[in-house]
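The block underneath contains the structure these notes are about, expressed in structure tokens.
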Amino acid sequence: MISINHLMKKLDNNVILDDITLNLDCGKYGLLGPNGAGKTTFMRCLLNIYKSPKGSILFGKESLKIGYLPQNFEAFSQMSVLDNMKYFCSVKGIKKRYWKDEINQSLKMVGMEENVSKLCRKLSGGMRRRVGIAQTLLGHPDIIILDEPTAGLDPEERNRFVSMIRSLPDEMVVLFSTHMIEDVELCCDKVIVMNNGRICYDGSCKKLIDEAQNCIEKEKYKGNYQRAVLADGYMCVMKGLVKNEA
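In terms of this note's numbering, the sequence shown is residues -12 to 233.
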């Protein structure tokens, strides 16, 4: 659905993205990497927030709908959940006759249908984040991009988010960045690891876990678990013990 070829981006004369080539087909992708790896810049290039990067980003069809949750999303605190959702329907160009169904469906998916009349300032941080996720679902997007959506959430809200991601249709592209590697293992079938503006690994979670297990068994890398998990695979990539499978 998305073909990225030799993508490069500089900010203030610093290379942030360095020759990224990647194909994103339908599926759920976890985007991992340390702070400063280029994850947010990469997502903003996909969204055309950052203009004129070198290289190309090609979409599989002319008209694609994209839902986006930025890292520091804030709902309008003095407005109700319903009024916030109506505002986002308007911004997305959804015809007014569809607003009710779109809003009800999106809020139901994130478990917020009973809070539709509440002012956003009276919601917990996790509930406000759910409003943010709900607005990304408006209009039945083909692509959903989520930047650190679980940051600061308590375990219950994180589990709710993971369950919601798992329930999304397989026919869309879901890309979310996170430092919670276990969340990626629970709800994604594919993982992308970035470091220093480059793609270090792009492949299936299962393949990366198997590669990590091989490293552990060969004593190239001492994991914290007898059986490898995705966090071990991530560390193997960062140590250069596992190369990109592409």
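Just so it is clear, CB atoms sit at the ideal spot from N, CA and C, and this is done for glycine as well.
{"query": "Classify residue 189 as buried or exposed, calling it buried when 16 or more other Cβ atoms lie within 10 Å of its own Cβ.", "result": "buried"}
{"query": "Return the chain-ordered list of same chain residues with a C-beta closer than 7 angstroms to the C-beta of residue 149, the five sequence neighbours on each side being excluded.", "result": "170, 173, 174"}
{"query": "Kindly list the residues whose CB is nearer than 7 angstroms to the CB of residue 79, restricted to its own chain and excluding five residues on each side of it in sequence; keep chain order.", "result": "125, 126"}
{"query": "Can you check DSSP and say which residues form a bridge with residue 30?", "result": "BP columns for residue 30 are empty, so no partner."}
{"query": "Using only the alpha-carbon positions, how far apart do residue 144 and residue 121 sit?", "result": "14 angstroms"}
{"query": "Expressed to the nearest angstrom, what Euclidean distance is found between the alpha-carbon atoms of residue 32 and residue 163?", "result": "14 angstroms"}
{"query": "Once DSSP output is grouped into helix, strand and coil, what is the label at residue 99?", "result": "coil"}
{"query": "Within its chain, find whatever has a CB closer than 6 angstroms to the CB of residue 236; leave out the 5 residues flanking it on each side and keep chain order.", "result": "Because the chain here runs from -12 to 233, residue 236 falls outside it and cannot be looked at."}
{"query": "Give me, in chain order, the residues of the same chain whose beta-carbon lies closer than 7 angstroms to that of residue 134; leave out the 5 immediate sequence neighbours on both sides.", "result": "27, 30, 56, 57, 58, 164"}
{"query": "Taking only three categories from DSSP, how would you classify residue 16?", "result": "strand"}
{"query": "Would you tell me roughly how many angstroms separate the C-alpha atoms of residue 20 and residue 221, rounded to the nearest one?", "result": "9 angstroms"}
{"query": "Would you mind working out which of 13, 46, 66 sits nearest residue -9, comparing C-alpha positions?", "result": "46"}
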